[in-house]
Structures are given as C-alpha cells and as structure tokens.
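In order, the protein sequence lines correspond to chains A and B. Taking numbering that gives the first Met the number 0, the leading residue of the first sequence gets 0, the next gets one more, and so forth. Taking numbering that gives the first Met the number 0, the leading residue of the second sequence gets 0, the next gets one more, and so forth. Remarks on the structure that follows.
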Amino acid sequence: MDFTFSEEQKMFADTAKTLLADTCTPAHLRAQMDKGEARDADRWAAIVETGLTLVLLPEAAGGIGLTEIDFAPIAEAAGYAGLPEPLVESAGVAAPMLAAIAPDHPLLADPAATIAIQHPLNPFVADADTAAAIILHHDGAAHIVDPASVTLVRQESIDPFRRLFRIDGMPPAGTRIDADPAAWALALDRGALFAAAQGLGLAQRSIDLAVDYAKDRTQFGKPIGSYQAVKHHLASAQVAVEFARPVVQAAAAEIGAQDVHSRARVSHAKLVALEAADQAARASIQVHGAMGYSWEVDVHFFLKRALGLTFTWGDPAFHRARIAERMFGSPTGPDTLFARTSDQKAA
Amino acid sequence: MDLTYTPEQQAFRAEVRAWLEAHVPATPLEHYDATREGFEAHRAWERTLKSGDWGMVTWPVEYGGRGVDLIQWLIFEEEYYRAGAPGRVNQNGIFLLGPTLMEFGTHEQKVRFLPSMASGDEIWAQAWSEPQAGSDLAGVRATAVRDGDDYVLNGHKIWSSRAAFADWAFGLFREPGTERHKGMSLIFFRLDAPGVTVNPIRKINGHVGFAEIFLEDVRVPAFNRLGEEGQGWHICMATAGFERGLMLRSPARYQVAAAKLAELYRRHENSVDPALKKQVVRAFMNAEAYALSIYSTASRLMAGAKIGPEASTNKIFWSEMDIDLHQTALEILGPRAELLPSAPDAGAVDDWLDDYIFSLSGPIYAGSNEIQRNIIAERMLGLPR
Numbered sequence: 000m001d002f003t004f005s006e007e008q009k010m011f012a013d014t015a016k017t018l019l020a021d022t023c024t025p026a027h028l029r030a031q032m033d034k035g036e037a038r039d040a041d042r043w044a045a046i047v048e049t050g051l052t053l054v055l056l057p058e059a060a061g062g063i064g065l066t067e068i069d070f071a072p073i074a075e076a077a078g079y080a081g082l083p084e085p086l087v088e089s090a091g092v093a094a095p096m097l098a099a100i101a102p103d104h105p106l107l108a109d110p111a112a113t114i115a116i117q118h119p120l121n122p123f124v125a126d127a128d129t130a131a132a133i134i135l136h137h138d139g140a141a142h143i144v145d146p147a148s149v150t151l152v153r154q155e156s157i158d159p160f161r162r163l164f165r166i167d168g169m170p171p172a173g174t175r176i177d178a179d180p181a182a183w184a185l186a187l188d189r190g191a192l193f194a195a196a197q198g199l200g201l202a203q204r205s206i207d208l209a210v211d212y213a214k215d216r217t218q219f220g221k222p223i224g225s226y227q228a229v230k231h232h233l234a235s236a237q238v239a240v241e242f243a244r245p246v247v248q249a250a251a252a253e254i255g256a257q258d259v260h261s262r263a264r265v266s267h268a269k270l271v272a273l274e275a276a277d278q279a280a281r282a283s284i285q286v287h288g289a290m291g292y293s294w295e296v297d298v299h300f301f302l303k304r305a306l307g308l309t310f311t312w313g314d315p316a317f318h319r320a321r322i323a324e325r326m327f328g329s330p331t332g333p334d335t336l337f338a339r340t341s342d343q344k345a346a
Numbered sequence: 000m001d002l003t004y005t006p007e008q009q010a011f012r013a014e015v016r017a018w019l020e021a022h023v024p025a026t027p028l029e030h031y032d033a034t035r036e037g038f039e040a041h042r043a044w045e046r047t048l049k050s051g052d053w054g055m056v057t058w059p060v061e062y063g064g065r066g067v068d069l070i071q072w073l074i075f076e077e078e079y080y081r082a083g084a085p086g087r088v089n090q091n092g093i094f095l096l097g098p099t100l101m102e103f104g105t106h107e108q109k110v111r112f113l114p115s116m117a118s119g120d121e122i123w124a125q126a127w128s129e130p131q132a133g134s135d136l137a138g139v140r141a142t143a144v145r146d147g148d149d150y151v152l153n154g155h156k157i158w159s160s161r162a163a164f165a166d167w168a169f170g171l172f173r174e175p176g177t178e179r180h181k182g183m184s185l186i187f188f189r190l191d192a193p194g195v196t197v198n199p200i201r202k203i204n205g206h207v208g209f210a211e212i213f214l215e216d217v218r219v220p221a222f223n224r225l226g227e228e229g230q231g232w233h234i235c236m237a238t239a240g241f242e243r244g245l246m247l248r249s250p251a252r253y254q255v256a257a258a259k260l261a262e263l264y265r266r267h268e269n270s271v272d273p274a275l276k277k278q279v280v281r282a283f284m285n286a287e288a289y290a291l292s293i294y295s296t297a298s299r300l301m302a303g304a305k306i307g308p309e310a311s312t313n314k315i316f317w318s319e320m321d322i323d324l325h326q327t328a329l330e331i332l333g334p335r336a337e338l339l340p341s342a343p344d345a346g347a348v349d350d351w352l353d354d355y356i357f358s359l360s361g362p363i364y365a366g367s368n369e370i371q372r373n374i375i376a377e378r379m380l381g382l383p384r
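What follows is the structure in structure tokens.
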C-alpha cells in the first residue's frame, strides 16, 4: 500500500505545468480566441517536443509506455491552463486506443498528429476537423477514418475552445477494424478519468484567480479577502478539491482492473472533480462580484470548460448509476475500499 | 503508487479480525457518557484490548503499543469498526494527548503516562475551553504559578469532554501577566486532586458528556508540564493538528455508517422516494473519498511529510458528511425518525436518531468549522487575516 507519487511522476507533472504556465496564459487564450484558431502552432510544437503526447502510448508503438497515474497530472495541468489543444483526448484516450486496435497504424509514428474519437456516449466529436484520423463508432464496429472522408457538422459550444462536430455519412469502405469491445470500455474510463483530472486543475485555477483578486480588491477600507464570508466560499471550494484529488489518483491507479470497482472509482472521480470545478468557478465569480460576470475577467474560461466536461464522457446520471451498481451489487464497508472483483472470486 | 495490501498487511488484518471476533462484547455497552457504570464498562474493555496488545497499536512497544505503521493502524481501525467494537473512552488520551506526548514529552514522561493511557488504567479528559476562551483559545485566563518544583493552578475550564468520570485532564495555563499566545504551558492535573471541582454538564441528548472544572490552588509537580514553559500554544496547535487530521475520526466509522445506510435504503426501497437513492450513493462516495484521503495522508506521513493546515479540510469534510448521512437515514425512516428506540412502534430504528444528534456536534468541537475555514483561507490559500 503506497499512495504517493514517484519522483519521475512528479517530474512529468512539473514539466507540463511549467510549459503551460509559460505558453498558455489567459493573454494567449484571448489572442487565440480572437483569431478563431484551433491551435497555437508554437505551443503544440513545444508540447510534442517535451514528449507529453507519448506518455501513455506503449513503447511498442513508439511511446514512453507510462500509465494513467502519470498522465492524470498532465491532464490536471491542461485543465489548470484551460488548454485549447486536444492533448488530453488525443494522447490520453484516442491514440492509446488506436495503438491497441491498430498497432501498425502509420499515424502512431507521428507524435504531433492528433486523433479524435467518437464514443457512443458522446454525440459530438471534439477536435474532429484538426485530427489526422477519427476513431468512429458505427453500427457497433470501429472505423478509422480520414476527417475529409466524412461530413463534419460544427456544433458551437459555449467554450470557445471546444470544437465539437456531428459526423454525418457512412464510414468509407475498408475502414472497419475488429476492435475488442474492451477497448471502447477502456476509452470511456480514460475519457472520464482525464476529464476528472482536468476538473481538478480547473477548480484550482478558479480558486487561485479569486484569491489573487480578493487580496487586491479593497472595500470598506480592507481587502475583501479578509472578510470571512469571502474566505469561507473559497475554503469550501478548496475542501471539495482536496477530497476529489485522492479519488482521481486512486481511479488512475486502479483503472487497469476494468471491473465494477474500478469503473465506480472512475465515475466517483468524474463526478466529484467536476463538481469541485463547478463549485470553484461559481465561488470565484461570486468573489469577483460584477467583474466576475464580465468577459474581461478570465474565470469564465474555466467555468465553461467545466460545464462542457461535466456532460462529456458520461453525464452525472450515468456515473452515479455506475457507483450505485458497485454499491448495491458488491459488499460495502471499511474492508472493501480497495476490493477487487478478483479477490471476491478467490474468496 | 500501489493500492494493494501486502501479504503482511493482509495477515495483520486477519489477526485483528480473529481477535476482535473472539473478544468484542456480544451486547453493546452502555454509553461511557451516560453513567459511571457505562464509563467503567468501557474502561474494562480498554483493559481487555490491552491484554491482546491492541491498546494503541502505533505506539512503540516500550510505551504500551505494538509499533505498527499508519497503514496497519488504518487496517486496525477498519476491523475495529467492522466488528462493532465499543467506542474508545480514552480517545482524548490515546488519539490527542498521546501523539503529542510522543513528540514533545521527555522519556520519563512517556514512560509515566503512555502505558497507563494505552491500558485504560488512566482515562483522560481535555480541558481546552474556558467561558471566555472558546474559538479564541488564546484568550485562556487560567493561571499556573511556579512554586519550587510545583505549579499552583487556578481558573475555570469548561466543555471538557469525559471530565465527569475521567481520571486526568490536560489544559493550557498561563503565567500571570502574559497575554495571548505567549506565556502559556500545557499542564496535566488529576481530576480528583485537592482544589479541583468538577460539575458535569448535560449534553443535548441528556448524557453528561462534558463538564466544567474549577481549579483553586491546585498543586501539581512541574513534571506534569509538557514541553518547555511558555511553549503551550505551539504544542496545543500540534495536538489540534492530530485531532483534525488523522487520528480523531477514522474513515472506517463513516464507511460502516454508509454501509448501514445502504442496508436501510434497501429495506425501504419500495416505500421511499427514489430520489433518496442519490443521497445514499453520495454518502458512500463521501465515506470512500474520506478514506482515500486518509490513506493518502498516511502514505505521505510515512514518507516523512508533516501534517499541515490541510488537516482543517478533513475536519470540515467528515463533520459535514456525517450530518448529511444521518439526515438521509432519518428521511428514509420518515415518521418513525423521531421515535426513541423505546417507543412501542419504533421497530428497527437503530441508533440513527442518536447518531444524528451526535453528528450535530461535529462542526463545533475540535475547533468550529468556521475557524477551520479561516485556517484554510489564511494558511492554505494565503488570504489576509
């Protein structure tokens, strides 16, 4: 039993944080939004160069072959920065799935290429237009298609950086792959887990923005952050973050089991991390007062990302149902915290 | 990161489980705050625990413990709550003062006080608050005047948990003339010492769970001072860290309650609002989240970290989830929720009502949740005082 991160794991997380702190500031986000560009070419090149797109890819596919424990802090950093590029969904979900279902696919050799994924739970595909390939779910089968070979219908999201598309038309002949259904299940869990990890980053960012403002803004002759009503909003949001983080970490450590327990843990992580992101964003808006409701203050970027991620990769009702399935279908109690289906079979 | 138990940890769990199965009383003991008999029955249970060397498993063997690590402590607690073993009447000693003594006490003090704490031979009350020093604990007025090898204590303490029946208490006393955080010392005194008057105070449930203590020229040896003279505030904060952090509220307590709530919901599933299921699932999630957080803290402490202001987040989380969980149970019980177990038509209302009433104390004791939120805002987030 060891619930700590290795030095190597901390190093990857720090690399991602530092890179995004430099290259993905709110000023960068605003400039990119004004230009209407899906990507910042320099930032994406820097992300690729540091190896972040290869972390979860197996070594056989040219990747670094690390695990979800290593990638989750990277996703958290992406959330904290409000990263527009599809690092999390491509490198954390779609590319590893491509490596599993089509290990010889030529795109795996290009660390800069992004892969989009259409999971049956998500009616819209994120970043389909800029992807080098889309993994499509069609009639129960997997297809790997070129975005140019299908019709993409853009669906505007309130998050200016979530580029969503409905995909029309039949997948072209010869694109069908025999994919193990387990690959789709793992993709769903990874999508939900890394959405949760982004939620932790989003939540902390909203709190940090509010803390900076509350130290600075003066009313009644004192910084507003010295008033308890303001303090308590932010303290409550921080409590939510503190009790979501270990769930996300445990979900990352256990995801490989792919049983009722690991699925419930991923769902728990997804629910509480995005609830924390929502609570923190709303507290942050409240602490900013009228400024918080303005376009000029940056909190809305993080509020909108949290909103989008809450309903992607399984909405709250979906995830609650998975937790209820574990809770009512298997023994509960203090000795079952790290229970595994395999243990129960053995017992 | 490896979230599986080693074979040694599994063997430890099996050993704890087997011992508890053989020793936990078949019928629940009367509550230790209800009567002197209930209190003494719990002391007897503490002695039974010690006979199996389970008094305080994390302490070194020389001080009455087993020398196991924090993960084993969590396993012990999981099995303890799973077995429905009696509440720990000496929690002020073993969970609060004990760890602080371990950090700040001299070898002689440890030898004198820890083994008798682990065995229940000496049961401790806390004496933090005073009538004018509650949340603002630095307002303590009780005094300690040095007289040769002794201190002479005077003052008035209140809301002292367990003081009605306990043997010893610990509290803060200041050198006359000092103010606020300076000049205070943490001193132990016997509750039956000459000059000590204990007036029990009844709790909201009628039990004498706490008391007020008057001290008039109470003479104690300087040996009873923990740490240096004037260092009391610093030591008190360390104690509070243990209290809010790891030791006071075991995750297992809430995991057992959540499992019981699931069972209650299952029994009433066909007659209650299906929307309650969401709250039942939430109780399970909260209990698991708290447990995961404590495992994470235990791992970090074992790797050399110290408990910091994040302990304040624990206290808020467990106290608020505890109320939510019990409120959900009362909603499931519906019109029977208000019935005492003695009511003819109460049926299997269990302890839900009593535990709900107890949960209402959670946001107050060990530092009110308002104070905890201030600590988080100021020390974790850096907001101005």
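For glycine and all other residues, C-beta sits at the position ideal for the given N, C-alpha and C. Computed from a prediction, not measured in an experiment: that's the story for all the values here.
For residue i, would you say it is in contact with chain A, using Cβ-to-Cβ distances shorter than 9 angstroms as the test?
i	result
residue 371/B	yes
residue 367/B	no
residue 298/B	yes
residue 306/B	no
residue 19/B	no
residue 261/B	yes
residue 363/B	no
residue 375/B	yes
residue 255/B	yes
residue 328/B	no
residue 381/B	yes
residue 273/B	no
residue 47/B	no
Beta-carbon separation of residue i and residue j under 9 angstroms?
i	j	result
residue 385/B	residue 209/B	There is no way to answer for residue 385/B, as the model of chain B reaches only from 0 to 384.
residue 94/A	residue 56/A	yes
residue 219/B	residue 187/B	yes
residue 271/B	residue 333/B	yes
residue 38/A	residue 84/A	yes
residue 130/A	residue 146/A	yes
residue 209/A	residue 192/A	no
residue 4/A	residue 0/B	yes
residue 279/A	residue 247/A	no
Return the Cβ separation of residue i and residue j in integer angstroms, given the expectation that the two are a contact with Cβ distance under 8 angstroms.
i	j	result
residue 144/A	residue 110/A	Wrong, their Cβ atoms sit about 21 angstroms apart, outside the cutoff.
residue 276/A	residue 201/A	4 angstroms
residue 284/A	residue 237/A	Their Cβ separation, rounded to whole angstroms, is 16 angstroms, which puts residue 284/A and residue 237/A out of contact at 8 angstroms.
residue 85/B	residue 41/B	6 angstroms
residue 74/A	residue 197/A	5 angstroms
residue 268/A	residue 195/A	4 angstroms
Can you tell which of the options has the C-alpha that lies nearest to the C-alpha of residue i?
i	options	result
residue 322/B	361/B, 338/B, 342/B and 307/B	361/B
residue 115/B	54/B, 271/B and 225/B	54/B
residue 216/A	291/A, 261/A and 91/A	291/A
residue 330/B	20/B, 276/B and 284/B	276/B
residue 138/A	235/A, 177/A, 245/A and 252/A	177/A
residue 125/A	103/A, 89/A and 112/A	89/A
residue 38/B	2/B, 164/B, 10/B and 101/B	164/B
residue 256/A	337/A, 8/A and 118/A	337/A
residue 120/A	279/A, 272/A, 165/A and 82/A	165/A
residue 181/B	12/B, 285/B, 235/B and 378/B	235/B
Hey, is residue i's beta-carbon within less than 9 angstroms of any beta-carbon in chain B?
i	result
residue 345/A	Any reading at residue 345/A needs caution, since the residue's pLDDT is 45, under 50, leaving its predicted position unreliable; the model's value is listed next. By this cut-off, residue 345/A is not an interface position.
residue 1/A	yes
residue 230/A	yes
residue 65/A	no
residue 305/A	no
residue 177/A	no
Please find out if some non-hydrogen atom of the ligand GTP comes closer than 8 angstroms to the beta-carbon of residue i.
i	result
residue 84/A	You won't find the ligand GTP in this model; it holds no ligand whatsoever.
So that I know if they touch, is there some Cβ in chain E lying closer than 9 angstroms to that of residue i?
i	result
residue 283/A	Judged by its chain identifiers, the structure shown contains no chain E, and its protein chains are A and B.
### Query
Of all the residues that make up the segment 103-133 of chain A, which are near chain B by a beta-carbon distance shorter than 8 angstroms?
none
### Query
Listed from N- to C-terminal order along the chain, which residues in the segment 277-296 of chain B have their beta-carbon within a distance smaller than 9 angstroms of any beta-carbon of chain A?
277, 279, 280, 281, 283, 284, 285, 286, 287, 288, 289, 290, 291, 292, 293, 294, 295 and 296
### Members of the segment 69-93 of chain B near chain A, C-beta cut-off 8 angstroms
70, 76, 77, 78, 80 and 81
### Task
With 7 angstroms as the limit, tell me which residues of the segment 188-199 of chain A have their beta carbon closer than that to any beta carbon of chain B; keep them in chain order.
none
### Task
Anything in the segment 315-326 of chain B with a Cβ closer than 7 angstroms to a Cβ of chain A? List those residues in chain order, please.
315 and 316
### Query
For the segment 312-324 of chain A, which residues have a beta carbon sitting closer than 7 angstroms to at least one beta carbon of chain B?
319, 322 and 323
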